[in-house]
Structure formats: structure tokens, C-alpha cells
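Numbering of the sequence shown is given in my numbering, commencing with residue 13 and proceeding in unit increments. To start, the structure itself, in C-alpha cells.
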Amino acid sequence: MKLSSLGLILLGSTSLSSVYAGFHIGRVTTTVGVYRNHIACPSSKYNCDCFKGQDGLTGTVKLPKKDKMEDFFQITTPNWCGRVNMPTLDFYKRADGHWDFYRNKGDGTRVGTCYANSDSKTCIPGGVHYGDKLACYTDLCN
Numbered sequence: 013m014k015l016s017s018l019g020l021i022l023l024g025s026t027s028l029s030s031v032y033a034g035f036h037i038g039r040v041t042t043t044v045g046v047y048r049n050h051i052a053c054p055s056s057k058y059n060c061d062c063f064k065g066q067d068g069l070t071g072t073v074k075l076p077k078k079d080k081m082e083d084f085f086q087i088t089t090p091n092w093c094g095r096v097n098m099p100t101l102d103f104y105k106r107a108d109g110h111w112d113f114y115r116n117k118g119d120g121t122r123v124g125t126c127y128a129n130s131d132s133k134t135c136i137p138g139g140v141h142y143g144d145k146l147a148c149y150t151d152l153c154n
């Protein structure tokens, strides 16, 4: 079987994007649609254990309004994404729709960027539905 040059480029870019995305942020509901929370999952643990918060690597997303990602939010979990003592991260939405994030009370240096993403998974047993909202690129996650 031969792959065209374009096919190889597309295959390579798909692999690269999944390697470099540090983590994902998404909305968790019950399977009947009742809102539970927003979470952050490392790309290497993008699975039902993370979506259900059972792997010890899930980050808690703190939203100013219960279930709305508007202009600002934080991830406040100290031990997630393969790190101990992860700093609180502050996320700011930019005019073009992407999000930049920074260490809370840091020096103002951007530590990563997130872009809109859409994917969904339903986890049974466990009764949760995960809707991916952002793919975040950073070197903070192991």
C-alpha cells in the first residue's frame, strides 16, 4: 500500500498534535445531561478514569460562574498532570477565541495556550459523559 505525500503529512501532523497537547479541558455531565463539573485531563490519560476523577491526575477547573467558561477560569488542583505541587493556573480568553494561561501570582510569562476542541466520550459503567472543550499545549505536564 502506498501513501501519498499529502497522506504522510496528514498522518504526521495528527501524531504530532496528540503528542504535544499537554492536557484537555472539558465538561462532565451525567449520562442524562445533568452538569457535574469541568475538569482537566492530561493527554496521556485521556480516558474514562480521568473523566470520572479516579486516576489521581485530574485537575479541578474553577469557573467564576457554575458551568460557564467565559473570559477567565483557573485550575487549582496541586497534584495533577503528572506533577506534584502544580501551581494554580490562570486562563484568559483572547479576542480570537484561544486561551492563554499563566502561573497564578507568577511573573506574567505565558506557560501555554489552549484552542477550541470538540470530542465526546461516554463512560459506562460510571455514568458520565465528557465533552472536550479545549486542547492545551504546554510543557508543564509530564
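Even glycine gets a Cβ: it sits at the ideal position worked out from N, Cα and C. Source: prediction; values computed, not measured.
- Put simply, of D67, P137 and R122 the residue whose alpha carbon is nearest the alpha carbon of A52 is D67.
- Short of 8 Å from the beta carbon of L69, and not among the five residues preceding or following it, lie these beta carbons of its own chain, in chain order: C53, P54, K57, C62, W92, C93 and G94.
- In the structure shown, the three-state DSSP call for K117 is coil.
- Considering only D112, H50 and P99, the residue with the shortest C-alpha distance to R122 is D112.
- Annotation for D61: the continuous alpha helix (DSSP H) segment containing it runs C60 to F63.
- In this structure, DSSP gives K133 an extended state, which the three-state scheme calls strand.
- Ranking C135, P99, S130 and Y127 by CA distance to the CA of D119 puts P99 first.
- Counting other Cβ atoms within 10 Å of its Cβ, V96 stays below 16 and is therefore classed as exposed.
- Within the same chain, and ignoring the five residues on either side of G143 in sequence, the residues whose Cβ sits closer than 6 Å to its Cβ are G38, R39 and S132.
- Within its own chain, the residues whose Cβ lies closer than 6 Å to the Cβ of D83, once the five positions on either side in sequence are excluded, are K105, listed in chain order.
- Taking the CA atoms as reference points, N116 sits about 14 Å from V73.
- In this structure, I136 sits near T43, with a CB-CB distance shorter than 9 Å.
- Beta-bridge pairing by DSSP links D102 to Q86 and Y114.
- T150 is the residue among T150, R48, V46 and Y47 whose C-alpha sits nearest the C-alpha of L101.
- Partner residues in the beta bridge of L146, as assigned by DSSP, are I37 and A128.
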